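Visitor: Numbering (this note's numbering), first residue to last: 103 to 358.
Note that CB positions come from ideal geometry on N, CA and C, so glycine has one too.
Note that the coordinates shown come from a computational prediction; the quantities given were computed from them, not determined experimentally.
Structural data, given as structure tokens:
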């Protein structure tokens with residue numbers, strides 16, 4: 103049976119996102135090549151996640167529908183954070199935070215319903231995964247609220263927001279690909295004409311598990327580097343030069 107055009111778009115977007123995301127996480131943050139690879143990654147992820155959400159909606163698959171929407175939201179807001187200057191917010195931020203709020207509430211309520219229902223979950227997703235993903239969604243919502251209350255974010259906090267949203271969105275994609283049913287990497291290689299038995303031997307579950315969680319491991323590395331490296335430290339106070347000028351003027355006034 104031939105694949106639908108939408109499925110082909112989803113697969114092509116996901117494949118491009120895997121390569122571009124790996125490149126973007128390898129290059130130094132803020133460098134020219136990081137920006138170029140990141141732009142390709144963002145475009146590919148947005149296309150892939152929209153296609154996944156649409157196909158899940160057609161199949162009445164709430165788990166993959168929420169996963170596709172969450173991935174789209176994380177990548178979009180992570181990209182906006184990188185493009186926007188520190189201390190800036192938008193009227194659209196309030197609308198965007200409703201996405202993780204609704205998804206997180208629905209996902210946690212769904213997990214609670216699974217605990218009250220005897221037998222295996224109808225969608226095959228354990229309740230614990232519902233609680234984990236729901237907590238991540240509500241955490242993203244809390245981050246949006248905090249940003250709006252403060253009137254924006256600055257310095258390393260802005261970079262950390264960009265990193266965790268991009269990396270977790272990437273993790274959803276790698277987890278779906280490497281830990282999907284029937285060894286998706288081997289099936290993908292087979293469609294490319296690479297049917298050698300060595301791939302099934304190499305891509306065992308433990309190897310695929312490491313590849314799936316690799317974005318989270320790289321996220322921890324980059325967060326620590328951003329927090330403790332002087333190269334990424336920038337003033338976290340807006341308009342610091344204005345405050346310093348006012349202090350100098352006050353000190354120069356007579357009688358002070």
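Give, in chain order, every unbroken run of the alpha helix (DSSP H) that is at least 4 residues long and sits entirely within the stretch 209-237.
Guide: Correct list: empty.
Visitor: Tell me whether residue 344 sits in a helix, a strand or coil according to DSSP, three-state version.
Guide: A caution first: residue 344 carries a pLDDT of 36, below 50, which makes its placement in the model too unreliable to give a value.
Visitor: Along the chain, where does the alpha helix (DSSP H) containing residue 329 start, and where does it finish?
Guide: 307-330
Visitor: So the alpha helix (DSSP H) residue 254 belongs to, where does it begin and stop?
Guide: From DSSP, residue 254 is part of no alpha helix (DSSP H); its letter is neither H nor E.
Visitor: Expressed to the nearest angstrom, what Euclidean distance is found between the alpha-carbon atoms of residue 326 and residue 220?
Guide: Residue 326 and residue 220 have their C-alpha atoms roughly 43 Å apart.
Visitor: So is residue 242 buried or exposed if we call it buried at 16+ other beta carbons inside 10 Å?
Guide: Counting Cβ neighbours within 10 Å, residue 242 comes out buried, since at least 16 surround it.
Visitor: What does the Cβ neighbour count give for residue 121, buried or exposed, with the cut at 16 atoms within 10 Å?
Guide: Exposed: under 16 other Cβ atoms inside 10 Å.
Visitor: What residue range is occupied by the uninterrupted alpha helix (DSSP H) comprising residue 121?
Guide: 107-128
Visitor: So residue 158 and residue 166 are in contact, right, with Cβ under 8 Å, and what is the actual spacing, rounded?
Guide: 4 Å
Visitor: With DSSP as the reference, label residue 190 as helix, strand or coil.
Guide: It is coil, neither helix nor strand.
Visitor: Flag this pair as touching only if the stretch 176-186 and the stretch 261-272 have three or more C-beta atom pairs under 8 Å; answer yes or no.
Guide: yes
Visitor: Under three-state DSSP, which class holds residue 132?
Guide: Coil.
Visitor: Check each candidate in 312, 277, 198 and 282 and name the one with the smallest Cα separation from residue 247.
Guide: 198
Visitor: Three-state secondary structure (DSSP) at residue 198?
Guide: helix
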